[in-house]
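One structure is given below, encoded as structure tokens.
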Amino acid sequence: MYKTKELEPLIRTLDADTVRRFDLLLKVSKGFIKSNEKALEMDRLLLAQLQKEVPERLPAHLKPSASTSSQDAVQLIADRLASAFAHLQKGAPGGQATTFSGKVGTEDLTDELRAKVESVLKIQYQVPGRATPVLPKSSVPDFQKIVDDVMLGQNVMLVGGAGTGKTTLAQAVADALGRPYITINCSQWTAPTEIIGGQTIEGYQEGKMIEAWRNGWMLILDELPKLDPNTAGLFNDALAKSKVPGGKIFNARKEGFDRHPDFACIATGNVYPNAESVAYGANNKQDLSLLDRFAGSVYTIEKNPELEKKVVGSATLWAWCNIVREVIEELRYEAAVSLRWMQTCRDTLLLELERFERGGAKEADAGKTLGDCFESFCTQGFTAVQKDTLSERCRDKGLDLAQVYGYGYRGTPAWKNMQTELASAGMTGSKTAKVSKSKGTSGLGAILPATRNTFSVELPE
Ligand SMILES: Nc1ncnc2c1ncn2[C@@H]1O[C@H](COP(=O)(O)OP(=O)(O)OP(=O)(O)O)[C@@H](O)[C@H]1O
Ligand SMILES: [Mg+2]
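According to this note's numbering, the residues represented by the sequence shown are 1 to 461, in order.
See the structure below:
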């Protein structure tokens, strides 16, 4: 039943970590007598580790089964790509599906193929009568469409759950277009002074909407639905004229300002504000005339696993976070597993890995750990019954939360995978430096368009 039982003599000659895991397995399985699920899983994981690390020392029946070598796989993919390109160039439908499941990067391809692959990863941006800059294709599916809207003078609204990347995306669009941005953090307390200017104890202060309008900046209305609907009405005039060449708006002193051709507006919000929201209670139902200013340019920014995996840098860690998310969604608990929490887990894990390598469990235990991040997220705000159900369902999906809270992941194959994955994503190295440097936006350059375009184009007036 237990495969590693016969490998004890071999395991005793291996590193302390592996021996410790074997001893734990011995204990949990009561000397390989009791069959329990946890022990069987530990046995499976330990064997997988040995197959990876010391395959040559295993008896024939426990050796890993032969699979396609990565060299063969690269060749296979190269051949498939070459034939797909040949088809595409002839205008014929694409090539056959590639079934290899290993990992092959573009760096493994020949120069010629790499150039071809990279050329299809770029998209050409085209609006009649305008410059046509090329932006690298972003992992954010609607990036190009949002850029198009902005270039056409259309107001954009990004709607989606907490921490899905709306604010970052709005800023990235401004950055990619080389435009400065100014943000109004909307709430029921946002005052007209912040929008159209007004007297303060330091004298007259110009409003942010006026500044953006006259200087050609991007106006980011962060969390627009949280604004008092009457205050939101102050945007109506400007947003109705976002496309009008030389359109005029007035500040609190009734001074008029002409629209700079680069003025643009992107609003973000957790809900489309045409109704009250239960999950996002601070959002207000907004006036239909305001919503009409964004008509045709509203985008739903949902969770984006592809982006999340890149930001997290470890497919294994992402999979753990995703199990928690799946369960929370299935159980309809009021919680949002966001990219923000995933980043917190990643940064903490990097620190824990560094401390563990330097000073072992003692040093790692003394600081913040990945287990702490999971425990905090999975226990705060839930009732005792909810917490138990969450743990049970996560265990069914292969994630033992109790083990995670107790740092039982250290030394396991998953831990080693995370270490390798983070290193190959370039996130380890001078780790402490990385952790502090990464603060929320690490990997952004790799994911959002790297090019900071400095072009400035104007609508034909
Ligand atoms: N494309 C990206 N590349 C790298 N990191 C990103 C990207 N998009 C978002 N992030 C990171 O994810 C986290 C959440 O993003 P952001 O604050 O933009 O979300 P949001 O949708 O505005 O959240 P909220 O609804 O809570 O305001 C941030 O830490 C941000 O740095
Ligand atoms: Mg935001």
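Every residue, glycine too, gets a C-beta built ideally from N, C-alpha and C.
Taking the alpha helix (DSSP H) that residue i belongs to, which residues open and close that run?
i, result
"residue 201", "Where residue 201 is concerned, there is no enclosing alpha helix (DSSP H), given that its DSSP letter is neither H nor E."
"residue 356", "339-366"
"residue 324", "315-331"
"residue 236", "236-240"
"residue 231", "229-232"
"residue 168", "166-176"
"residue 379", "370-379"
Can residue i be considered in contact with ligand 1, in the sense that its beta carbon sits closer than 7 Å to one or more heavy atoms?
i, result
"residue 165", "yes"
"residue 340", "yes"
"residue 311", "yes"
"residue 205", "no"
"residue 216", "no"
"residue 162", "yes"
"residue 46", "no"
"residue 343", "yes"
"residue 337", "no"
"residue 168", "yes"
"residue 28", "no"
"residue 298", "no"
"residue 219", "no"
Terminal residues of the continuous beta strand (DSSP E) containing residue i?
i, result
"residue 271", "Run containing residue 271: none; DSSP gives neither H nor E here."
"residue 256", "256-258"
"residue 159", "156-159"
"residue 300", "298-300"
"residue 36", "Where residue 36 is concerned, there is no enclosing beta strand (DSSP E), given that its DSSP letter is neither H nor E."
How long is the line joining the alpha carbons of residue i and residue j, rounded to whole angstroms?
i, j, result
"residue 467", "residue 23", "Since the first and last residues shown for the chain are 1 and 461, residue 467 lies out of range."
"residue 379", "residue 336", "13 Å"
"residue 387", "residue 381", "9 Å"
"residue 205", "residue 254", "14 Å"
"residue 143", "residue 405", "38 Å"
"residue 224", "residue 208", "14 Å"
"residue 358", "residue 33", "37 Å"
"residue 462", "residue 170", "Missing from the structure shown is residue 462; the chain here goes from 1 to 461 and no further."
"residue 213", "residue 257", "8 Å"
"residue 243", "residue 330", "44 Å"
"residue 291", "residue 197", "23 Å"
"residue 193", "residue 251", "9 Å"
"residue 5", "residue 57", "15 Å"
"residue 273", "residue 286", "6 Å"
"residue 230", "residue 353", "51 Å"
"residue 19", "residue 372", "26 Å"
"residue 199", "residue 236", "22 Å"
"residue 9", "residue 27", "17 Å"
"residue 355", "residue 306", "29 Å"
"residue 415", "residue 319", "13 Å"
How is residue i classed by DSSP in three states: helix, strand or coil?
i, result
"residue 28", "helix"
"residue 249", "strand"
"residue 400", "coil"
"residue 195", "helix"
"residue 14", "coil"
"residue 409", "coil"
"residue 283", "coil"
"residue 142", "coil"
"residue 7", "helix"
"residue 425", "coil"
"residue 42", "helix"
"residue 210", "helix"
"residue 215", "helix"
"residue 190", "coil"
"residue 291", "helix"
"residue 221", "strand"
"residue 389", "helix"
"residue 492", "For the chain, the structure presents residues 1 to 461; residue 492 sits outside this window and is missing."
"residue 335", "coil"
Taking the beta carbon of residue i as the centre, do at least 16 other beta carbons fall within 10 Å, making it buried, or is it exposed?
i, result
"residue 13", "exposed"
"residue 275", "exposed"
"residue 15", "exposed"
"residue 439", "Because residue 439 carries a pLDDT of 31, less than 50, the predicted location of this residue cannot be relied on, and no value is offered for it."
"residue 1", "exposed"
"residue 149", "buried"
"residue 420", "exposed"
"residue 140", "buried"
"residue 308", "buried"
"residue 288", "exposed"
"residue 402", "exposed"
"residue 36", "exposed"
Would you say the beta carbon of residue i comes nearer than 7 Å to a heavy atom of ligand 3?
i, result
"residue 200", "For the structure depicted, ligand 3 is absent and the ligand set comprises only ligand 1 and ligand 2."
I want to check one thing, is the minimum distance from the CB of residue i to the heavy atoms of ligand 2 below 7 Å?
i, result
"residue 175", "no"
"residue 268", "yes"
"residue 222", "yes"
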